[in-house]
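Engineer: Sharing a structure below in structure tokens format, with a few things to ask.
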Amino acid sequence: MRIVAPWVGTRLRTAPFSALALFVLVAVTAFLCAAFPRAVDAYEGEGLRHELTTAAPDQSGFRIAAPPQAPYDPDDPELRASAGPEKLAERHLRIVRTLPDPLRTDPRESAYGVRGQRPGKGSAPGLTELDGGPPAFTLATRSGLAEHTTVRSGRLPKAPPPDRVDPSAAAATDAVVTTATAKALNIKVGTVVQVPRDGADPLAVTVTGIVDPVRPQGAYWSVQPVLRTPSFLYTEGPPPEPYWHGALLLPPEAAPALLSLPQEAEPYWDIAVDPRGLGVGDLDAAGRAVSAVESGPVLSELRSAISPELQVITGLGTVLEEYGELRGAIAPVVSVAAFGVGGVIGVVLLTAGGLAASRRASELALLRARGGSLPGIVGRLGAETAVPAVPGALAGGALALVVVDGGRLWPAVLAVVLVAVVACGALPVRAALEHRRPRPGGGRDDVVAARPSRRRTVAELTLLALAVAAVVTVRRRGTGDGADQGVDQLVSAAPVLLGVAAALVLVRLYPLPLRLAALPVARRRGAIGFLALARAGRSPATTVLPLVALVLALTTAAFGGSVLAGVEAARDRAALISVGSDARIDAAGALPERLADTVRKLPGVKGVVEVHRETDLSLRDGDDAEGVTLLAADAEAYARLARSTDLGGFPTGALRAKGSGPLPAIVSPRVAERLGDGARTIGSLSAPLTVEVAAVRERTPALSDGDFVLVDAAALTGPRAPTTLLIGGASVAGEKLRAAVRDTGGADGARVALRSVERDAFAESPVQTGAERVYTVAALAAAGYAALALLLALVRAAPERVALLARLRTMGLTRSQGRRLLVLENLPGSLLAGTGGVLVGWIVILVLSPGIDLARLAQASGGTAVSRVPVELTTDLWSLLLPGAGVVLLAAGVAAAQAWVTTRRSSTTELRVGDTR
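Be aware that the sequence shown starts at 112, since it is given in the numbering used here, and climbs by one per residue.
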């Protein structure tokens, strides 16, 4: 033990910058590796909470009711007791406490009370009556009414005296209605609504106040929307006729008065689930909890405690299931990025250890020659590496825990431990493999002369077989199949396996182009080119790992960029199909005459195409069940728009009528089948059109979906006012378009749509945006580690290059020749890495594209908008070419800077007797 400490201390004192660099490398790596799983957990948890928050309130909570047992008896003492406020509150507390973890109740949005099971007719002077008769009312008591309302006029209802709540006697009670109900049904403060009862006088409900809901979109008001907003009901007899359906909100103490109504009142509990405490780790447990409440042991317990007729209605299980499908569809795509960056990080750490072992090869060989034991050397190297590496890993992991909040702890801890183990073990393991037995120095160990061992050949063939199996699996199954069973590790590792296999193939082929390039250079008079190629061929075999790291990093960056480009391209195309241009103004009827001219003058507008649209066009073939839309537009302007947007482009002359014959028409495929060849008369009897199919197109800018007939507006007779404006100009502002609609008097029914807004709407879930951020960081991290791998290789070779340059300068080599030599020496390796990385990245994208499912990443809901366009990997030239070019330029720049510094230093320190560099 007395020997280990001096070794470690001495090494740290003699090479402090190396220790500091290792500390920084391990800290940054540990931060990225620990932050990745926490970031994934964070956005997945945010996505779960987003789904629960945006789901319909009647789907994201529990609707619990206790219908009375048949036959219904309003005088049943047990029923009357269960309707009392105290009993309802007691049972509400019991339900809340019975909910299993991790479900938690949101007390602010939960409520309970008594309500009629069916709406009943009510009458009062001045109530609005529709064709279906007088309005119907749902009478209900609701807890917390004072906290969830703002009194607009009148007052809140008061509790009736005890002698006025006897169900068998005439009774009266107070109630309030919402502003929307009062406006629709013409209810005022003081209106007395008479609600009929069987065998007794009507229940007189006096409206004492009109209230505005607080948080009207919350679960308190939206679980039963009629409590907030009246709706239409329809009579049974033909024809069905509408009548109003509203709600009268009674005080909790008036619940017994509802028991005498023929609608058979029932106690109810609306339990809102609080999503704020839920994370992605709670998804499975939440699903089991919902099942237990809906039809499991929790329901049995509640029925035993409250009522054997207790019913639980919820859509929470469906919401959780749909989110699980979304997460399961996106997780395999994200895992590809995880494997890619993880592979790059692992190779770079191994590269750092391997280069350190190569730099100290003579030192370790001397120790072995002087009797040093292999375990002793390995132990000292491990201790020496652990001193900066372990604190660096701890610092990076701690920083990740602080910066990224909301994820589980154990994946981050495991990632930090793995980084520390790899960082501490790379140098000792490499040294142990290289110095298993003492050996004399001086032999060549470069990429040209080195001969791979049998073990390395077997390992490379095994890796190649795994890469082929991964590619076959991806192309046959894809990332979307079997997503509900978890992430397929082989599928996710396919890009990494392909990148590593391709890098090893490049290493095998590397000597061949060097030899071929050296043949013509050797015949030239100058020595710089020959020396550069000779030096490139004599580079140590340890440069294999940096080359693998570079190719793998460039492949990962290219793949990540292709994922982002594919998603963005699919969203942009889907938004273009939905809008038809950069912006669109639609109306059910005719748009104002001055609107088109006004829009043309707005800033950013490059063109406006006016389109007349008529729905339900009759083709007069006896099959008008499927609607066909007639589109009429200026032939030249519309043809130009269709070609520029690539939405069913056609020549301008295709719509031009020739003489007095039928109108040329561009139609959808199904319309073409129905019309057949030749001229056909279509349309109504009052406005017939004789058309002939001129071209068939699957889609057109003016109609995002459905069948259509497109004709030239100039050839039509009669007034054909535009109903749609298709506006070109990516910078046009939506507010200015809406203001133009208002100013020209077309505000009623006109809809303004922007392509940019439609595109942004596809990123509707935090799971999508989080996954995109992960891929962006993955691409940037891969590019950064590529630069780091290159710098490590250059730094490792720096002492040898400096010594060579010093020797050559004593032989008459000029400064400019020395700079050219160092730059040219770096070119073969950097060109191989850059070109190979670009080529391998392009091949990976091409090979794996059919199996990578990006549909749910493009649109979380899996709607029809994105399904109309292909969502596939798209080669992004920036992410494909820029990192590769950066590798070459960085290598040339570092070599040039190194040469500039070296040629200005004295060469005496580099020319030492016995130096083998």
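Glycine included, every Cβ here is placed at the ideal spot set by N, Cα and C.
Taking the Cβ atom as the reference point for each residue, do A534 and V489 lie within a distance shorter than 8 Å?
Structural biologist: No, they are not a contact pair.
Engineer: Who pairs with L742 in a beta bridge, going by DSSP?
Structural biologist: DSSP, once it has assigned bridges, lists R724, L821 as partnering L742.
Engineer: Could you give the DSSP three-state label for R866: helix, strand or coil?
Structural biologist: Helix at R866.
Engineer: Just tell me which of L800, Q422, Y154 has its CA closest to the CA of S771.
Structural biologist: The option with the nearest alpha carbon to S771 is L800.
Engineer: Compare the Cα-Cα distances from G929 to each of A638, A150, R491 and report the closest residue.
Structural biologist: G929 has its Cα closest to that of A638, out of A638, A150, R491.
Engineer: Which same chain residues, not among the five before or five after A1087, have their C-beta less than 7 Å away from its C-beta?
Structural biologist: Given that the chain is displayed from residue 112 to residue 1028, the structure contains no residue 1087 and the question cannot be resolved.
Engineer: Mind checking who R226 pairs with in its DSSP beta bridge?
Structural biologist: R226 is bridged to A251, E377.
Engineer: In whole angstroms, what is the alpha-carbon distance linking L919 and T121?
Structural biologist: Spanning the two alpha carbons is a distance of roughly 34 Å.
Engineer: Sort T209, F873, T140, R587 by Cα distance to V1029 and report the nearest one.
Structural biologist: What the structure shows of the chain is the stretch from 112 to 1028, and residue 1029 is not part of that stretch, so it cannot be assessed.
Engineer: Out of curiosity, what's the CA-to-CA distance linking L478 and A132?
Structural biologist: Each residue's Cα considered, the two are about 25 Å apart.
Engineer: Under three-state DSSP, which class holds A177?
Structural biologist: Residue state, collapsed to three classes: coil.
Engineer: Kindly list the residues whose CB is nearer than 6 Å to the CB of D169, restricted to its own chain and excluding five residues on each side of it in sequence; keep chain order.
Structural biologist: Excluding positions up to five away in sequence, the list reads V334.
Engineer: Could you check if V1012 is buried or exposed, using at least 16 other CB atoms within 10 Å of its CB as the buried criterion?
Structural biologist: The residue in question, V1012, is exposed, as its Cβ has fewer than 16 Cβ neighbours within 10 Å.
Engineer: Within a Cβ cutoff of 7 Å, which residues of the same chain sit near R541, ignoring the five residues on either side of it in sequence?
Structural biologist: The residues are G464, G465, A468.
Engineer: Under 8 Å between the Cβ atoms of P443 and A130?
Structural biologist: In this structure, A130 does not lie closer than 8 Å to P443 by Cβ.
Engineer: Check the DSSP bridge columns for S264 and list the partner residues they point to.
Structural biologist: The partner list for S264 (beta bridge, DSSP) reads I321.
Engineer: Using only the alpha-carbon positions, how far apart do L730 and R695 sit?
Structural biologist: If you take the alpha carbons of L730 and R695, they lie about 28 Å apart.
Engineer: Quick check: what's the CA-CA separation for L837 versus D727?
Structural biologist: About 21 Å.
Engineer: Quick one: residues in its chain with C-beta nearer than 6 Å to the C-beta of T880, no 5 flanking neighbours on either side, listed in chain order?
Structural biologist: Closer than 6 Å at the Cβ level, and outside the excluded window around T880, lie A874.
Engineer: By the three-class DSSP mapping on this structure, what secondary structure does I298 have?
Structural biologist: It is coil, neither helix nor strand.
Engineer: Taking S960 as the reference, give the member of V719, R215, G677 with the closest Cα.
Structural biologist: Among V719, R215, G677, the Cα nearest to that of S960 is on G677.
Engineer: From T811 to A753, what does the alpha carbon distance come to, in whole angstroms?
Structural biologist: About 7 Å.
Engineer: Whole angstroms is fine: what's the gap from P327's alpha carbon to T261's?
Structural biologist: So the alpha carbons of these two residues sit roughly 11 Å apart.
Engineer: Shortest alpha-carbon distance to E747 belongs to which of E737, V719, R149, A506?
Structural biologist: For the residues E737, V719, R149, A506, the minimum Cα distance to E747 belongs to V719.
Engineer: By DSSP's criteria, A286 is part of a beta bridge. Which residues make up the other side?
Structural biologist: Paired residues: V318.
Engineer: By Cβ distance, which residues of its chain are closer than 6 Å to L609, with the 5 residues on each side in sequence left out?
Structural biologist: Here the set comprises A578, V955.
Engineer: Can you list, in chain order, the residues of its chain whose CB lies under 7 Å from that of V515, leaving out five sequence neighbours each side?
Structural biologist: Result list for V515: A146, R149, A150, A153, in chain order.
Engineer: Return the residue from the list A776, R387, A605, D683 that minimises the CA-CA distance to G156.
Structural biologist: Considering only alpha carbons, the answer is R387.
Engineer: Inspect the CB distances between the region 280 to 296 and the region 257 to 271 and report whether three or more fall short of 8 Å.
Structural biologist: Short answer: they touch.
Engineer: Take every Cβ of the region 384 to 400, pair it with every Cβ of the region 223 to 232, and state whether three or more of those distances are shorter than 8 Å.
Structural biologist: No, the region 384 to 400 is not in contact with the region 223 to 232.
Engineer: Starting from the Cα of G948, find the closest Cα among L617, D708, E983 and give me that residue.
Structural biologist: It is L617.
Engineer: Which residues does DSSP pair with A748 in a beta bridge?
Structural biologist: The partner list for A748 (beta bridge, DSSP) is empty, contrary to what the question assumes.
Engineer: Taking 8 Å as the cut-off, does the region 779 to 794 touch the region 679 to 692 (at least 3 CB pairs, one atom from each stretch)?
Structural biologist: The region 679 to 692, when compared against the region 779 to 794, does not touch it at the 8 Å Cβ threshold.
Engineer: May I have the straight-line CA-CA distance separating E571 from L627, to the nearest angstrom?
Structural biologist: Their backbone Cα atoms lie some 25 Å apart in a straight line.
Engineer: Is Y621 helix, strand or coil by DSSP?
Structural biologist: Of the three classes helix, strand and coil, the one that applies to Y621 here is coil, per DSSP.
Engineer: Thinking G995 and G945 are a contact (beta carbons under 8 Å), I'd like their distance in whole angstroms, please.
Structural biologist: Confirmed, about 4 Å.
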